[in-house]
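FYI, in the numbering used here the residues of the sequence shown are 77 to 201.
Glycine residues also receive a C-beta, built at the ideal position from the N, C-alpha and C atoms.
Report on the structure given below.
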Amino acid sequence: MTVTGSSVLFLQTLLLSARIQVSSASGHFELQILSMQNVNGQLQTGACCDGPRDVTERRCSADECDTYFRVCLKEYQLKISSAGPCSFGTASTPVLGGNNFSLRNAKSNARARIVLPFSFAWPVS
77 MTVTGSSVLF LQTLLLSARI QVSSASGHFE LQILSMQNVN GQLQTGACCD
127 GPRDVTERRC SADECDTYFR VCLKEYQLKI SSAGPCSFGT ASTPVLGGNN
177 FSLRNAKSNA RARIVLPFSF AWPVS
(Lines of atoms letter the chains of each structure in order from A and count residues from 1; the text may use other names and numbers.)
(Lines give C-alpha, C1' and ligand atoms only; values in the text may rest on other atoms or scores of the structure.)
Protein backbone atom coordinates (compact mmCIF):
# COMPACT_ATOMS: atom_id res chain seq x y z
CA MET A 1 0.00 0.00 0.00
CA THR A 2 1.47 3.32 -1.04
CA VAL A 3 0.64 6.64 0.49
CA THR A 4 0.36 9.51 -1.93
CA GLY A 5 0.91 13.17 -1.21
CA SER A 6 -2.78 13.92 -1.60
CA SER A 7 -3.67 11.22 0.95
CA VAL A 8 -1.28 12.74 3.48
CA LEU A 9 -2.72 16.20 2.85
CA PHE A 10 -6.23 14.83 3.29
CA LEU A 11 -5.31 13.16 6.60
CA GLN A 12 -3.63 16.33 7.89
CA THR A 13 -6.68 18.40 6.95
CA LEU A 14 -8.97 15.89 8.63
CA LEU A 15 -6.93 15.94 11.84
CA LEU A 16 -6.78 19.74 11.90
CA SER A 17 -10.51 20.08 11.28
CA ALA A 18 -11.19 17.85 14.28
CA ARG A 19 -9.43 20.45 16.46
CA ILE A 20 -11.33 23.46 15.09
CA GLN A 21 -14.02 24.76 17.40
CA VAL A 22 -17.16 26.31 16.05
CA SER A 23 -17.77 29.65 17.67
CA SER A 24 -21.16 30.93 18.69
CA ALA A 25 -22.30 34.27 19.97
CA SER A 26 -25.14 35.46 22.10
CA GLY A 27 -26.23 38.66 23.74
CA HIS A 28 -29.25 40.62 24.83
CA PHE A 29 -31.20 43.74 23.97
CA GLU A 30 -32.07 45.69 27.11
CA LEU A 31 -34.44 48.61 27.65
CA GLN A 32 -34.77 50.46 30.96
CA ILE A 33 -37.88 52.63 31.49
CA LEU A 34 -37.12 55.63 33.70
CA SER A 35 -40.27 57.74 33.48
CA MET A 36 -43.52 58.15 31.58
CA GLN A 37 -45.80 61.09 30.82
CA ASN A 38 -49.21 60.67 29.23
CA VAL A 39 -50.57 64.17 29.80
CA ASN A 40 -53.94 63.56 28.13
CA GLY A 41 -54.46 60.12 29.66
CA GLN A 42 -55.31 58.49 26.36
CA LEU A 43 -54.31 55.55 24.21
CA GLN A 44 -52.21 55.76 21.05
CA THR A 45 -55.46 55.76 19.05
CA GLY A 46 -56.67 58.89 20.88
CA ALA A 47 -59.39 57.07 22.81
CA CYS A 48 -59.59 57.34 26.59
CA CYS A 49 -58.13 54.43 28.57
CA ASP A 50 -61.15 53.98 30.85
CA GLY A 51 -64.54 55.51 30.15
CA PRO A 52 -65.71 58.36 27.94
CA ARG A 53 -64.10 61.73 27.34
CA ASP A 54 -65.33 64.68 29.49
CA VAL A 55 -67.46 66.75 27.10
CA THR A 56 -66.77 70.15 28.67
CA GLU A 57 -62.99 69.79 29.13
CA ARG A 58 -62.49 67.35 26.21
CA ARG A 59 -60.10 65.36 28.42
CA CYS A 60 -60.12 61.80 29.67
CA SER A 61 -61.19 62.00 33.28
CA ALA A 62 -62.67 58.70 34.45
CA ASP A 63 -59.49 56.88 35.50
CA GLU A 64 -55.79 56.80 34.72
CA CYS A 65 -54.32 54.43 32.15
CA ASP A 66 -52.75 51.15 33.28
CA THR A 67 -49.38 51.73 31.63
CA TYR A 68 -47.08 48.91 30.59
CA PHE A 69 -44.49 48.61 27.82
CA ARG A 70 -44.14 45.98 25.12
CA VAL A 71 -41.03 45.59 22.93
CA CYS A 72 -41.15 43.84 19.57
CA LEU A 73 -37.79 43.41 17.82
CA LYS A 74 -37.99 43.02 14.07
CA GLU A 75 -35.90 43.81 11.04
CA TYR A 76 -35.43 47.41 9.89
CA GLN A 77 -38.58 48.96 8.42
CA LEU A 78 -38.70 52.14 6.39
CA LYS A 79 -42.28 52.69 7.58
CA ILE A 80 -42.73 51.51 11.16
CA SER A 81 -45.66 49.14 11.65
CA SER A 82 -46.85 47.35 14.78
CA ALA A 83 -48.35 44.61 12.59
CA GLY A 84 -46.45 41.50 11.61
CA PRO A 85 -44.26 39.07 13.51
CA CYS A 86 -41.58 40.04 16.00
CA SER A 87 -38.72 38.35 14.14
CA PHE A 88 -36.15 38.71 16.92
CA GLY A 89 -38.37 38.38 20.00
CA THR A 90 -40.92 40.16 22.14
CA ALA A 91 -41.20 41.00 25.85
CA SER A 92 -43.26 43.25 28.09
CA THR A 93 -43.33 44.76 31.56
CA PRO A 94 -46.11 44.41 34.10
CA VAL A 95 -48.29 47.48 34.68
CA LEU A 96 -45.84 50.10 35.96
CA GLY A 97 -48.13 52.99 36.82
CA GLY A 98 -50.79 55.40 35.62
CA ASN A 99 -50.57 58.37 33.27
CA ASN A 100 -47.42 59.92 34.75
CA PHE A 101 -44.76 58.21 36.83
CA SER A 102 -41.04 58.04 37.54
CA LEU A 103 -39.12 54.83 38.21
CA ARG A 104 -35.76 56.17 39.28
CA ASN A 105 -35.51 54.30 42.60
CA ALA A 106 -33.84 50.88 42.80
CA LYS A 107 -36.92 48.82 43.76
CA SER A 108 -38.90 49.87 40.69
CA ASN A 109 -36.01 49.52 38.25
CA ALA A 110 -36.14 45.71 38.00
CA ARG A 111 -39.82 45.74 37.00
CA ALA A 112 -39.18 48.45 34.41
CA ARG A 113 -36.37 46.59 32.65
CA ILE A 114 -37.05 44.60 29.50
CA VAL A 115 -34.37 42.11 28.47
CA LEU A 116 -34.55 40.16 25.22
CA PRO A 117 -31.83 37.51 24.88
CA PHE A 118 -30.70 36.48 21.42
CA SER A 119 -28.40 33.79 20.06
CA PHE A 120 -28.27 34.51 16.37
CA ALA A 121 -26.30 36.66 13.98
CA TRP A 122 -27.50 40.24 14.18
CA PRO A 123 -28.49 41.50 10.72
CA VAL A 124 -26.17 43.88 8.91
CA SER A 125 -27.75 46.85 7.16
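Just so you know, the alpha carbons of Ile-190 and Cys-136 end up roughly 29 Å apart. Around the Cβ of Ile-156, a 10 Å sphere holds fewer than 16 other Cβ atoms; the residue is exposed. DSSP places Val-171 outside both helix and strand once states are collapsed to three, so it counts as coil.
The straight-line gap separating the alpha-carbon atoms of Leu-87 and Glu-106 is approximately 47 Å. Residue burial is scored here from C-beta neighbours: Leu-179 has at least 16 other C-beta atoms within 10 angstroms and is therefore classed as buried.
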